[in-house]
Amino acid sequence: MVLGLERYQRIYNGEAVAKFQIARRINAEKKESIDEMWKHHSELKKEFKALLAEKGDDIDFLTSHPADYSFLHLKVDLLKEMLKECCFCERRCGVNRYEKKGFCKVGAKSYYASEFLHMGEEPELIPSHTIFFNRCTFACVFCQNYDIVYDEDYEALPEDLAEVIDRRFRQGSRNVNFVGGNPDQHAHTILETLSHVESNIPVVWNSNMYHSSELAEVIEDVVDVWLGDFKYGNDKCAEKYSRVKNYWKVVTRNFLRAKDNGELLIRHLVMPNHIECCTEPIVKWVAENLGRDTRFNLMFQYYPAFRAFDFPEIARRLTPEEMRRAVEITEKYGLRNLV
């Protein structure tokens, strides 16, 4: 049993109920205005939390029939209304995504580049049914998935994608892993997809953690594991390499909220010349605020990709000394649950 991911493991072992399956079984009422939707959502959230506490470990709960119009359906309708003045991420473009596209270049339709049983994730995740959605709310100059980010191979049709998720579950997937790119800008499509999924499968939200509080309020009731990238230890580096503002405030806020509403697995990609400015502040903050037992993946896979060669300080791989120093930092602050 991996420390910090106990409930996740009980779900894929058939001993606990995935959160979205609970949300599917809470009756909701259709509402016309977004204000009415938010009010009803707040009311049902209390019911959801009570039911999660009461029935979350009762696998027999799955024998009850999903509601015709459920808490999960309400979430989908709410997200579709939010598309009209988008605030899914903290860029807060405010565009009507039915008519135009904001920074992420995603309209109302979602696309993905590939889906498969991934054997290259953390040991507790594999085999992971990884769905690579396109586009991103960041603009990382070193993006290692740039071929995926700009791909529009397949339109993500919720009922069809749900069938794929169920099929992959039968083939042995331990989870459904929504990634990209980034999943946040596709939240409306992802939750609608989950409304059709029959399998009791853990949901992994694999993101840059730059989502808005409004989006967190909606999606946190379906996410079992927050697989979050913690890229930068300060705002200056975040703005220089990913064109994001207020990075530290937003991401630390979201990690704290995620800890209270699911289980955490944090990834930190160590970058050349960024040990002291990024790696150390991140490790220190995680140890002091999320706990030294937080599951933490210190990643040394960085290589200069995309436009990284335009930035000489990151236009190389890590040195052995940088890797050694990064490990020393985790030891210094007492992180003890490293992947």
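With this note's numbering applied, the sequence shown covers 9 to 347. Note that CB positions come from ideal geometry on N, CA and C, so glycine has one too. In this text the structure is predicted, and so the values were computed from the model without any measurement.
| query | result |
| --- | --- |
| Best match in VAL211, PHE150, ARG325 for proximity to PHE177 [C-alpha to C-alpha] | VAL211 |
| Buried or exposed by the 16-neighbour rule on C-beta atoms within 10 Å, applied to ARG303 | buried |
| C-alpha distance - GLY115 paired with VAL233, whole-angstrom precision | 26 Å |
| Exposure of ALA50, with buried meaning 16 or more beta-carbon neighbours within 10 Å | This sequence places Ser at residue 50; Ala is not what is there. Per the 10 Å Cβ criterion, exposed. |
| Contacting residues, own chain, Cβ-Cβ under 6 Å from ASP243 (five flanking each side not counted) | TYR255, TRP256 |
| Inter-residue Cα distance where the pair is LEU52 and VAL84 | 14 Å |
| Residue range of the unbroken alpha helix (DSSP H) whose run includes GLU271 | From DSSP, GLU271 is part of no alpha helix (DSSP H) but of the beta strand (DSSP E) over 271–277. |
| Cα-Cα separation between VAL103 and SER250, rounded to whole angstroms | 21 Å |
| Alpha-carbon to alpha-carbon, VAL291 and LYS340 | 9 Å |
| HIS73, DSSP secondary structure in three states | coil |
| Where LEU277 falls, given that 16 or more other Cβ within 10 Å makes a residue buried | buried |
| Residue from THR287, ILE198, TRP293, ARG15 with nearest C-alpha to LEU306 | THR287 |
| Which of helix, strand or coil DSSP assigns to SER136 | strand |
| GLN309 versus GLU129: straight-line alpha-carbon distance, rounded | 13 Å |
| Sheet register partners of TRP213 (DSSP bridge) | PHE186, TRP234 |
| Counterpart residues of TYR119 in DSSP-defined beta bridges | GLU163 |
| Neighbourhood of TYR20 by C-beta distance below 6 Å, restricted to the same chain and skipping five residues each side | ARG182, PRO210 |
| Residue range of the unbroken beta strand (DSSP E) whose run includes PHE304 | 303–307 |
| With 16 other Cβ atoms within 10 Å as the buried cut-off, status of HIS73 | exposed |
| Inter-residue CB distance, ARG100 and SER220 (contact presumed, cutoff 8 Å) | 7 Å |
| Pairwise C-alpha distance: LEU60 and THR327 | 46 Å |
| Alpha-carbon spacing of ARG33 relative to ASP66, whole angstroms | 14 Å |
| Rounded separation between ASP43 and ILE30 - CA only | 24 Å |
| Run of the alpha helix (DSSP H) containing HIS194, from where it starts to where it stops | Note, HIS194: premise wrong, no alpha helix (DSSP H); not H, not E. |
| Short Cβ contact (8 Å threshold) for SER118 with ALA164 | yes |
| Exposure label - TYR77; buried when at least 16 CB within 10 Å | exposed |
| Three-way DSSP call (helix, strand, coil) for HIS204 in this model | coil |
| Of the listed residues PHE140, TRP213, TYR154, nearest to TYR16 (C-alpha basis) | TRP213 |
| Whole beta strand (DSSP E) elements within the stretch 40–90, 3-residue minimum | none |
| Euclidean distance between Cα positions of LEU272 and LEU11 | 10 Å |
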